[in-house]
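Numbering (mature numbering (1 follows the signal peptide of the UniProt record, and there is no 0)), first residue to last: -17 to -1, 1 to 344. Below is one structure, written out as structure tokens; comments come after it.
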């Protein structure tokens, strides 16, 4: 089922929400001035990708033994049904930007409640003070200039969003396996995005570790996707007297007053909702320093375990207070001996000179 979805930028009005999966004939220019990707698209018969799943409650108390969503063999943030290799590094952020913009605009147009969370919320916090008129200019090989306010961390390769429990039921009932098409400048075919619901979303038990992702928004041209998790009532804690208790299947726990009322802001130049107590939530998840220091270090080890001979690559970023950009500071590689198979160690990007408590946008 296909939908023609409104453009992301330059749209003066908000598209009317729809409650039934009927096709609309709206098509306008979309999101970014980007070049056509070096093809990583895999030819896929859309109708055979996956059947539309009918909501089934008869086994709701059983823990599923199979994982519904799978990732590609070449990278865990790509869907192997739509790509056979990752995008070049310099194209990842523009494609992620288009991914979140199309998702947010689509959810807004159909009246589905959603908000950003986890690392994406942290990225928003770091860049929320950049004036809307202050933009980054990045030249592309086509000669075009993309003007946008970048808010995604430059080292990021995924995005995190949440939805309410009524919303996951709404999407499953009316929008599961729907394809949403956007017209892109410099791309004759545009891009299509697939909204896919995990049928195991009806199982609320946190023991279902294979199906903690309730839905995905998938770029069918690149294989990149957004993981969507539903926030539900925590029946166990509520029965014990915690009347505001909420939970996700990935074992994150919240209070209703931490999430609602949602605040309005912008992310990647489109309207976005954020949790009410976003500072409190970020400090709980990443620590207070995630909002106060300004350096990010990433260490990645590569090597063969039988030789214990690994290569360490190190990339550092520093937040430039003047430009509001995370500048890459250095990139190193060195070989050394290690007794164990590689590891990944990341420190959270943190910013200095700002208050650690703040509850206004």
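Ideal Cβ positions, reconstructed from N, Cα and C, are used throughout, including at glycine.
Candidates the options: which alpha carbon is nearest residue i's?
i	options	result
residue 203	216, 252, 195, 164	164
residue 201	89, 49, 50, 47	89
residue 45	193, 52, 161, 109	193
residue 346	185, 240, 50, 222	No information on residue 346 is available, as it lies outside the stretch -17 to 344 that the chain covers here.
residue 93	106, 251, 156	156
residue 134	256, 251, 259, 159	251
residue 51	69, 181, 107, 149	181
residue 159	149, 146, 179	179
residue 209	146, 72, 299, 304	146
residue 351	73, 140, 218	Absent from the model: residue 351. The displayed extent of the chain is -17 to 344, so no value can be given.
residue 64	73, 53, 71, 70	53
residue 149	305, 216, 311, 55	216
residue 245	170, 238, 257, 239	257
residue 199	78, 102, 303, 62	62
residue 195	312, 232, 223, 218	232
residue 306	109, 103, 79, 105	109
residue 104	73, 261, 304	261
Starting from residue i and walking both ways along the alpha helix (DSSP H), at which residues does that stretch end?
i	result
residue 193	Taken as a continuous stretch (DSSP letters only), residue 193 belongs to no alpha helix (DSSP H), as it is neither H nor E.
residue 80	72 to 93
residue 147	Per DSSP, residue 147 belongs to no alpha helix (DSSP H); it is in the beta strand (DSSP E), 143 to 147.
residue 103	101 to 110
residue 264	261 to 269
Locate the beta strand (DSSP E) running through residue i, then write down its first and last residues.
i	result
residue 215	208 to 216
residue 166	161 to 167
residue 237	236 to 238
residue 200	198 to 202
residue 229	228 to 230
Could you pull out every residue in the same chain whose Cβ sits closer than 7 Å to the Cβ of residue i, ignoring the five residues on either side in sequence?
i	result
residue 234	189
residue 312	299, 300, 301
In chain order, what residues of the same chain have a beta carbon less than 8 Å from the beta carbon of residue i, not counting five sequence neighbours either side?
i	result
residue 220	228, 230, 236
residue 255	87, 98, 99, 107, 247, 248, 249
Residues bridged to residue i by DSSP?
i	result
residue 170	167
residue 247	256
residue 61	207
residue 308	303
residue 98	145
residue 175	164
residue 180	198
Return the Cβ separation of residue i and residue j in integer angstroms, given the expectation that the two are a contact with Cβ distance under 8 Å.
i	j	result
residue 211	residue 197	6 Å
residue 265	residue 274	6 Å
residue 154	residue 95	6 Å
residue 168	residue 76	With a Cβ gap of about 17 Å, residue 168 and residue 76 do not count as contacting.
residue 81	residue 206	Not confirmed; about 13 Å, so no contact.
residue 259	residue 242	6 Å
residue 97	residue 144	5 Å
residue 381	residue 47	Limits of the chain in this structure are -17 at one end and 344 at the other, which puts residue 381 out of reach.
Give every residue of the same chain whose Cβ lies closer than 6 Å to the Cβ of residue i, excluding the five residues on either side of it in the sequence, and list them in chain order.
i	result
residue 83	142, 251
residue 58	69
residue 238	227
residue 309	137, 300, 302
Would a check of beta-carbon distances place residue i closer than 8 Å to chain B?
i	result
residue 83	The chain inventory of the structure shown lacks chain B, comprising one protein chain alone.
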